[in-house]
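Below is one structure, written out as structure tokens; comments come after it.
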Amino acid sequence: MIKVTVWNEFEHEKIDETVKKMYPNGIHSVIADFLKCDDIQVRTATLDDEEYGLTEEVLADTDVLIWWGHMAHHKVPDEIAWRVRDAVLKGMGFIGLHSAHHSKPFRFLMGTSCNLSWREDGDMERIWTINPAHPIAQGIGRYFELEHEETYAEPFRIPEPDEVIFMGWYEGGEVFRSGCTYHRENGRIFYFQPGHETFGAFYNPNVQTIIRNAVRWAKPVIRLEELECPHIKKIGTE
Ligand code: ZN
Numbered sequence: 000m001i002k003v004t005v006w007n008e009f010e011h012e013k014i015d016e017t018v019k020k021m022y023p024n025g026i027h028s029v030i031a032d033f034l035k036c037d038d039i040q041v042r043t044a045t046l047d048d049e050e051y052g053l054t055e056e057v058l059a060d061t062d063v064l065i066w067w068g069h070m071a072h073h074k075v076p077d078e079i080a081w082r083v084r085d086a087v088l089k090g091m092g093f094i095g096l097h098s099a100h101h102s103k104p105f106r107f108l109m110g111t112s113c114n115l116s117w118r119e120d121g122d123m124e125r126i127w128t129i130n131p132a133h134p135i136a137q138g139i140g141r142y143f144e145l146e147h148e149e150t151y152a153e154p155f156r157i158p159e160p161d162e163v164i165f166m167g168w169y170e171g172g173e174v175f176r177s178g179c180t181y182h183r184e185n186g187r188i189f190y191f192q193p194g195h196e197t198f199g200a201f202y203n204p205n206v207q208t209i210i211r212n213a214v215r216w217a218k219p220v221i222r223l224e225e226l227e228c229p230h231i232k233k234i235g236t237e
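For the sequence shown, numbering that gives the first Met the number 0 assigns the number 0 to the initial residue and increments by one for each residue that follows.
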């Protein structure tokens, strides 16, 4: 079983009527529901939980952490974000969704501003599969469309990705690297752009398939207990 923790700040859903209607039990519940299957076990965590839902115990028991945040990035203390980063370096998978591009754990892992250009006009987005042989693209056609999505546009200030799997194109003509992978030490990272809180991307079957594929791709290969920088002895002199 792959153990997934879906972390959501869970703020918009409590204060904004449109978002409440779109995701009445929170974005995390919808993601948890479509992910649960024979080989994936899911728990959810939010800002309101003990240690922001990200205790050492939770992270040690998480194979892949999925992150959705937007208006409350600053409410996650640096110390907790470094803890998440370290868990990734030790081998935990990390999937950053949509506005998680500005979350502290993602920025700490990337080392850049992760800024992008954006507008919220509800344009149609066409997402092109540009790396069809990648495990995360399996079951996805040449392209699919989201009727409405927030426009995220290049330049996206990320380090050069290991792989770009999806490219987004919007009615207004902008393009964006919508699905990118990274390795950071032992951990695998996938960033995926759809998922604005008012537009319902998480109900789209293609989006669901991609996130499910990404969980299976990002599961740990090895998992260190500690990050170490050990002193060693020359072979033959131990
Ligand atoms: Zn958004």
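Every residue gets a Cβ at the ideal spot worked out from N, C-alpha and C, and that includes glycine.
When the distance is taken between beta carbons, is residue j closer than 7 Å to residue i?
{"i": "Asn7", "j": "Thr54", "result": "no"}
{"i": "His133", "j": "Ser102", "result": "no"}
{"i": "Thr4", "j": "Leu96", "result": "no"}
{"i": "Gly178", "j": "Phe198", "result": "no"}
{"i": "Trp66", "j": "Ala99", "result": "yes"}
{"i": "Cys113", "j": "Ile157", "result": "yes"}
{"i": "Lys2", "j": "Thr43", "result": "no"}
{"i": "Trp216", "j": "Ile164", "result": "no"}
With a cut-off of 8 Å on the beta carbons, I'd call residue i and residue j a contact; round off their distance for me.
{"i": "Glu144", "j": "Met166", "result": "About 13 Å separates the two Cβ atoms, so there is no contact after all."}
{"i": "Ile39", "j": "Ile210", "result": "With a Cβ gap of about 10 Å, Ile39 and Ile210 do not count as contacting."}
{"i": "His147", "j": "Gly121", "result": "4 Å"}
{"i": "Tyr181", "j": "Pro154", "result": "With a Cβ gap of about 17 Å, Tyr181 and Pro154 do not count as contacting."}
{"i": "Ala213", "j": "Phe189", "result": "4 Å"}
Short of 6 Å in beta carbon distance, which residues of its chain neighbour residue i, apart from the five on each side in sequence? Order them along the chain.
{"i": "Thr208", "result": "Gly138"}
{"i": "Arg294", "result": "What is shown of the chain runs 0 to 237, which leaves residue 294 out entirely."}
{"i": "Arg118", "result": "Thr150"}
{"i": "Glu12", "result": "Val18, Lys19, Tyr22, Gly25"}
{"i": "Glu10", "result": "Met70, Ala71"}
Measuring straight from C-alpha to C-alpha, what distance separates residue i and residue j?
{"i": "Phe222", "j": "Met91", "result": "It should be pointed out that residue 222 corresponds to Arg in this sequence rather than to Phe. Roughly 7 Å separates the two Cα atoms."}
{"i": "Ala59", "j": "Met0", "result": "15 Å"}
{"i": "Pro219", "j": "Glu162", "result": "18 Å"}
{"i": "Ile231", "j": "Arg82", "result": "26 Å"}
{"i": "Leu34", "j": "Phe93", "result": "15 Å"}
{"i": "Trp168", "j": "Arg125", "result": "5 Å"}
{"i": "Asn203", "j": "Asp47", "result": "28 Å"}
{"i": "Thr236", "j": "Glu224", "result": "27 Å"}
{"i": "Arg187", "j": "Glu196", "result": "25 Å"}
{"i": "Ile234", "j": "Val57", "result": "38 Å"}
{"i": "Leu115", "j": "Ile129", "result": "21 Å"}
{"i": "Ala152", "j": "Asp37", "result": "37 Å"}
{"i": "Asn205", "j": "Asp77", "result": "34 Å"}
{"i": "Glu16", "j": "Glu227", "result": "48 Å"}
{"i": "Val41", "j": "Glu49", "result": "18 Å"}
{"i": "Asp32", "j": "Glu170", "result": "31 Å"}
In terms of residue numbering, what span does the alpha helix (DSSP H) encompassing residue i cover?
{"i": "His11", "result": "11-14"}
{"i": "Val87", "result": "77-89"}
{"i": "Leu223", "result": "Run containing Leu223: none; DSSP gives neither H nor E here."}
{"i": "Ile65", "result": "It is not in any alpha helix (DSSP H) - Ile65 instead sits in the beta strand (DSSP E) that spans 63-67."}
{"i": "Ser116", "result": "Unbroken run through Ser116 is the beta strand (DSSP E), 116-118; no alpha helix (DSSP H)."}
What residue range does the beta strand (DSSP E) around residue i cover?
{"i": "Ser177", "result": "174-183"}
{"i": "Phe93", "result": "92-96"}
{"i": "Phe198", "result": "Phe198 -> no beta strand (DSSP E), and no H or E assigned at all."}
{"i": "Phe191", "result": "186-191"}
{"i": "Leu145", "result": "142-145"}
{"i": "Asn130", "result": "Careful: Asn130 lies outside any beta strand (DSSP E) and carries neither H nor E."}
Which residues in the same chain have their Cβ closer than 7 Å to the Cβ of residue i, if we skip the five residues on either side of it in sequence?
{"i": "Arg183", "result": "Val87, Leu88, Leu108"}
{"i": "Gly194", "result": "Trp67, Leu96, His97, Ala200, Phe201"}
{"i": "Pro51", "result": "Looking at the sequence shown, residue 51 is not Pro but Tyr. Contacts found: Val75, Ile79."}
Whose C-beta lies closer than 8 Å to the C-beta of residue i among residues of the same chain, with five residues either side of it excluded?
{"i": "Thr111", "result": "Arg156, Ile157, Pro158"}
Quick check on residue i - is its C-beta less than 7 Å from some C-beta in chain C?
{"i": "Asn24", "result": "Among the protein chains of the structure shown there is no chain C, as only one such chain exists."}
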